[in-house]
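Those sequence lines, one after another, are chains A and B.
Numbering of the first sequence is given in my numbering, commencing with residue 85 and proceeding in unit increments.
Numbering of the second sequence is given in my numbering, commencing with residue 85 and proceeding in unit increments.
We put the beta carbon where it would ideally sit given N, CA and C, even for glycine.
Below you'll find the structure, written out as structure tokens, and then a few comments.
2 protein chains.
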Amino acid sequence: MPVTVHFHFDFGSPYGYIAAEKIGPLGARLGCDVVWKPFLIGAAMKAMGSAPMMEVPLKGAYAKRDFERSARFHGVPYRAPSRFPIGTVAAQRAFYWLWDRDPVLAKRYGLAVFRAYFVDDSDIGDAATVIRLAAEQGADAGALAAALGDAAVKDRLKTEVDAALAAGVFGSPTFAVGDELFWGVDRLDQLERWIVGGGF
Amino acid sequence: MPVTVHFHFDFGSPYGYIAAEKIGPLGARLGCDVVWKPFLIGAAMKAMGSAPMMEVPLKGAYAKRDFERSARFHGVPYRAPSRFPIGTVAAQRAFYWLWDRDPVLAKRYGLAVFRAYFVDDSDIGDAATVIRLAAEQGADAGALAAALGDAAVKDRLKTEVDAALAAGVFGSPTFAVGDELFWGVDRLDQLERWIVGGGF
Chain A
85 MPVTVHFHFD FGSPYGYIAA EKIGPLGARL GCDVVWKPFL IGAAMKAMGS
135 APMMEVPLKG AYAKRDFERS ARFHGVPYRA PSRFPIGTVA AQRAFYWLWD
185 RDPVLAKRYG LAVFRAYFVD DSDIGDAATV IRLAAEQGAD AGALAAALGD
235 AAVKDRLKTE VDAALAAGVF GSPTFAVGDE LFWGVDRLDQ LERWIVGGGF
Chain B
85 MPVTVHFHFD FGSPYGYIAA EKIGPLGARL GCDVVWKPFL IGAAMKAMGS
135 APMMEVPLKG AYAKRDFERS ARFHGVPYRA PSRFPIGTVA AQRAFYWLWD
185 RDPVLAKRYG LAVFRAYFVD DSDIGDAATV IRLAAEQGAD AGALAAALGD
235 AAVKDRLKTE VDAALAAGVF GSPTFAVGDE LFWGVDRLDQ LERWIVGGGF
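Shown next, in the form of structure tokens:
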């Protein structure tokens with residue numbers, strides 16, 4: 085049985101973006117199934133009573149520099165978005181709607197959203213941008229536009245966010261193998277050793 | 085000219101302990117001077133308006149597990165201390181007093197303090213423990229005991245803490261090469277590439 089890795093992220097997270105570029109090749113190399121699981125980092129911060137990272141003295145200034153350096157370290161193109169942070173509810177609702185129809189297309193859409201935000205400086209908070217990016221991957225733009233207003237589509241994201249927090253997820257990216265959580269793109273090395281060794 | 089790495093840490097920090105075990109060999113391998121710079125993580129948290137990590141919902145439970153897994157990953161023995169967090173003022177005042185007399189002895193003392201706390205579960209918050217650990221490395225116990233009450237020794241630590249925060253340091257461990265900061269034992273890979281390449 086291949087190992088399943090749950091990849092929890094928020095489309096607004098720079099480290100989530102770097103992780104999205106790395107997890108596909110890692111999963112292919114190790115023969116894992118990777119299940120993408122967007123959640124809302126804002127909901128986690130509320131549960132933690134934490135302030136947004138960029139507003140924290142000292143940490144905010146460091147993070148800005150570390151995003152750029154970490155992207156270079158991992159060989160991933162990165163441009164600091166002019167809109168930051170950004171609302172990701174529409175992009176993440178669309179993700180689950182696509183995933184339920186075609187997971188392969190949904191992952192392509194997911195990478196396209198990340199790149200639109202962190203390379204092309206697009207406004208991924210705008211539903212029109214989200215629908216365009218999905219359509220470029222082959223999704224039905226009209227059906228998606230209609231779906232984004234559905235209560236069931238809204239509930240789907242809410243249920244996923246609640247489940248992620250209940251599983252102990254609080255940061256983006258977090259990788260889960262069974263109950264074992266790995267928080268941060270800087271835990272890819274531990275994740276790989278865990279998968280290869282069946283724990284360590 | 086060899087590169088100088090400033091190693092900022094708090095003796096109460098599990099990731100600082102792992103870093104202390106790794107930075108000596110890394111420095112020797114790359115031909116760097118490593119300057120140990122204890123600071124008070126509590127002062128940084130106050131400046132940031134942050135709650136102690138272990139008290140943060142979700143993050144606290146994750147951190148407990150990540151400390152142990154990260155120690156195994158890095159091949160460093162680790163036992164969760166029964167007293168956690170712990171006051172490190174005496175241990176850090178003693179460090180600078182020792183450093184000003186014999187940096188090589190001070191680093192041996194520093195490793196001994198970390199191991200006493202994170203392997204032997206010793207009460208490093210107790211000045212008597214601190215003096216014993218220093219004496220075991222060859223320090224003059226009587227002179228150190230007297231020094232721990234000196235205003236100049238207290239001021240030395242305070243000045244170092246203020247300087248660390250002014251330089252942007254907020255977490256343990258943080259490595260600095262000139263103005264470039266690397267926060268976390270999980271940034272040792274970026275630190276190494278930075279030193280080898282003169283930046284990246």
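In the DSSP assignment, residue 88/A is bridged to 117/A.
Judged by DSSP secondary structure, residue 261/B falls within the beta strand (DSSP E) whose first and last residues are 258–261.
Counting only the Cα atoms, residue 261/A lies some 30 angstroms from residue 96/B.
Bounds of the beta strand (DSSP E) holding residue 266/A are 264–267. Going by beta carbons, residue 196/B and residue 176/B fall outside the 8 angstroms limit.
A residue is called buried when at least 16 other Cβ atoms come within 10 angstroms of its Cβ; residue 164/A does not meet this threshold and is exposed. Contact check for residue 159/A against residue 179/A fails: the beta carbons are separated by 8 angstroms or more. One thing to note: residue 269/A has its Cβ no nearer than 8 angstroms to the Cβ of residue 143/A. Going by C-alpha positions, residue 250/A is about 42 angstroms away from residue 211/B. Assigned with DSSP and collapsed to three states, residue 198/B falls in helix.
Under a criterion of Cβ atoms nearer than 8 angstroms, the residues of chain B adjacent to residue 265/A are, in order, 146 and 149.
When CB distances to chain A are screened at a threshold of 9 angstroms, the residues of the segment 253–280 of chain B falling below it are 253, 254, 255, 258, 264, 265, 266, 267, 268, 270, 271, 273, 274, 277 and 278, in chain order. Under the 10 Å beta carbon count, residue 239/A is surrounded by fewer than 16 other beta carbons and is classified as exposed. Shown here, residue 122/B sits in a strand according to DSSP, grouped into three states. For residue 251/B, no alpha helix (DSSP H) encloses it, and the DSSP letter there is neither H nor E. For residue 149/A, the enclosing alpha helix (DSSP H) has its first and last residue at 143–158.
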